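Numbering of the sequence shown is given in full-length UniProt numbering, commencing with residue 1 and proceeding in unit increments.
Where a beta carbon is used, it is the ideal one built from N, C-alpha and C, also for glycine.
Nothing here was measured: the structure is a model prediction, and the numbers come from that model.
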Amino acid sequence: MERSDSVVPVRTWSHAVVTGGAGFVGSHLCAALLDQGTAVTCVDDFCTGTPDNVAHLMDRPGFTLQHADVTEGFEVKRPADLVLHFASPASPADYLRLPLHTLETGSLGTRNALALARRHEARFVLASTSEAYGDPQQHPQNERYWGNVNPVGPRSVYDEAKRFGEALTCAEAGTNGTDAGIVRLFNTYGPRMRGHDGRAVPTFIRQALADEPLTVTGDGSQTRSLAYIDDTVRGILAMAGSDLLGPVNIGNADEITMLDLAHKIIELAGSRSAVAFIDRPTDDPAVRCPDITLARGKLQWAPAVPADEGLARTIDWFRRQAA
1 MERSDSVVPV
11 RTWSHAVVTG
21 GAGFVGSHLC
31 AALLDQGTAV
41 TCVDDFCTGT
51 PDNVAHLMDR
61 PGFTLQHADV
71 TEGFEVKRPA
81 DLVLHFASPA
91 SPADYLRLPL
101 HTLETGSLGT
111 RNALALARRH
121 EARFVLASTS
131 EAYGDPQQHP
141 QNERYWGNVN
151 PVGPRSVYDE
161 AKRFGEALTC
171 AEAGTNGTDA
181 GIVRLFNTYG
191 PRMRGHDGRA
201 VPTFIRQALA
211 DEPLTVTGDG
221 SQTRSLAYID
231 DTVRGILAMA
241 GSDLLGPVNI
251 GNADEITMLD
261 LAHKIIELAG
271 SRSAVAFIDR
281 PTDDPAVRCP
291 DITLARGKLQ
301 WAPAVPADEG
311 LARTIDWFRR
321 QAA
């Protein structure tokens with residue numbers, strides 16, 4: 001589904017629109033774009049993001065915070081040449097709490113973000129997810145794998161919203177010629193995650209810093225691949241700068257079991273916590289690891305931050321927030 005065999009061209013942006021820009025990944029994208037000299041309009045309805053995530057950007061030249069729900073349609077006040085669609089509840093705690101809004105953001109919200117890109121003749125990048133692969137029967141997962149997804153399970157509101165968003169993006173590119181790309185983000189962690197969002201890294205860190213038992217689901221043998229936020233942002237912006245449609249996996253190809261992750265966080269945090277085992281959620285994937293051959297070849301991208309370094313930075317951020 002790639003548009004061409006070219007590597008990343010040199011592209012600069014005058015004004016980027018980031019939907020979901022007050023969320024975890026979105027807020028880091030906003031900061032990275034500003035650092036590159038790009039004006040940024042951050043669009044968010046704050047259903048899971050918070051203005052606190054972009055408070056440090058409010059006085060920076062070129063930054064605008066716009067409160068809007070992408071499912072209702074929206075416009076920006078100045079021409080845009082890049083639209084990054086990152087609006088969506090993304091953690092299990094959020095999309096299980098907001099199932100209809102999650103589906104509407106992936107469908108109506110994606111349609112409206114694509115329409116904005118089409119009106120402005122802007123490059124469009126959709127944030128999809130490794131959840132598109134479901135509980136995979138191929139390991140590691142490359143972009144040609146269609147996935148193993150339960151369309152009516154509790155996780156389906158997120159999985160199918162993203163899969164529909166991918167289909168809509170491809171249809172828009174094929175029908176209207178919109179310059180679009182799709183990134184499938186694997187597990188990403190770093191500062192500005194919420195301690196109670198249900199994802200493993202912030203949950204374990206919150207528990208470790210409080211010397212509480214780290215709640216590992218099942219027997220902890222299930223694996224994930226974890227990319228530090230700085231690496232993920234570099235991959236997203238490399239995709240934005242390319243002419244690829246994708247999808248392209250952005251993630252870390254190094255796997256870790258959840259039990260090993262728990263012990264690593266206890267060690268890095270200097271915690272006295274023990275490990276407590278709890279039931280695994282329904283349809284929880286047994287393995288999750290990206291094949292990043294395409295990103296390495298076409299985007300000249302690979303993760304660079306070692307796990308111990310990224311986790312230490314994240315633990316330090318959580319510790320400062322609790323001080």
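Contact between the segment 178 to 185 and the segment 119 to 131 is present, with at least three C-beta pairs closer than 8 Å. In this structure, the beta-carbon distance from residue 223 to residue 289 falls below 8 Å. Within the segment 18 to 68, the complete beta strand (DSSP E) segments of 3 residues or longer fall at 39 to 44, 63 to 67, listed in chain order.
In the DSSP assignment, residue 282 falls outside any beta strand (DSSP E) and carries neither an H nor an E. Counting only runs of at least 3 residues, the segment 192 to 248 fully encloses the following beta strand (DSSP E) elements, listed from N- to C-terminal order: 214 to 217, 223 to 225. For residue 97, the three-state secondary structure derived from DSSP is helix.
Taking C-alpha positions only, residue 111 is separated from residue 168 by approximately 7 Å.
CA-CA distance, residue 146 to residue 132, rounds to 8 Å. Between residue 54 and residue 27, the beta carbon gap of about 5 Å places them in contact (Cβ cut-off 8 Å). No Cβ-Cβ contact shorter than 8 Å links residue 97 with residue 283. Contact between residue 193 and residue 220 fails: their C-beta atoms lie close to 20 Å from each other, not under 8 Å. Assignment of beta-bridge partners to residue 128 by DSSP yields 184. Taking all protein chains in view, the Cβ of residue 120 is crowded by 16 or more other Cβ atoms within 10 Å, so the residue is classified as buried. As DSSP reads the structure, residue 147 sits in no beta bridge.
Take the alpha-carbon of residue 21 and the one of residue 272: they are about 36 Å apart.
Taking a contact as a CB-CB distance under 8 Å, the pair residue 228 and residue 157 does not count as one, their CB atoms being some 28 Å apart.
The criterion of a C-beta distance shorter than 8 Å is satisfied by residue 134 and residue 159.
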